[in-house]
């Protein structure tokens, strides 16, 4: 499996996620011929556990590029600066934090209650439905509200696309579509393992995120990001079910 957090993948994501000027339509539907569509397909195919099983991976139905406003991008970069500045104060220097705030490629699963991405045109408008997880995230950013993330601390992101897809699970209404948001994340200083998280958060020990192994002996991780502003949505991938 390809290392999703290698410099080459991070640089590729940065080049694809150039800041766009604010527009009425905050997403653009990509065509299969677009290089960005093909790169997203490759990222999702190489960040899946289906490669290790007999189960066929789901086919990509649609890829949307997120047009982040300058304010959103600036807020994301502020989180990077904070993580880098905090790393300088630590006795045990963390090279990745010191270099780029420990930026990671991560995935977040959510629901779609509207027709976003289903139109033939290249752009779509966001809906205002409270139950549409994707449009709420794209309008207001990620949230750490307990009802949205089932009581977990921080915003759940995963290291594989299929794990993010499966995380929606039982909370998804049958009439809703499911999607995976491909994100750039400032992991910062990570607390590992995820043990007595509430005590760690309350103690304010300077951690930016919390990591948990999916199962013993596995390198699949769930990363709970404590600051929602440290997550920058870049692309949205929907699948054929």
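Numbering (UniProt numbering), first residue to last: 1 to 241. Every residue, glycine too, gets a C-beta built ideally from N, C-alpha and C. Fair warning: this is a prediction, and the values are worked out from it, not measured in the lab.
Here the C-alpha atom of residue 165 lies approximately 18 angstroms from the C-alpha atom of residue 211. For residue 43 and residue 230, the gap between their C-alpha atoms comes out near 21 angstroms. In the DSSP annotation of this structure, residue 26 is not part of any beta strand (DSSP E), being labelled neither H nor E. Distance between residue 187 and residue 81, taken at the CA atoms: about 12 angstroms. By the Cβ neighbour-count rule, residue 31 is exposed, with fewer than 16 other Cβ atoms within 10 Å of its own. The beta carbons of residue 190 and residue 209 sit about 5 angstroms from each other, so the pair counts as a contact at 8 angstroms.
The region 58–69 makes contact with the region 231–240: 3 or more CB pairs, one atom from each, lie closer than 8 angstroms. Of all alpha-carbon atoms in 137, 162, 128, the one lying nearest the alpha-carbon of residue 107 is that of 162.
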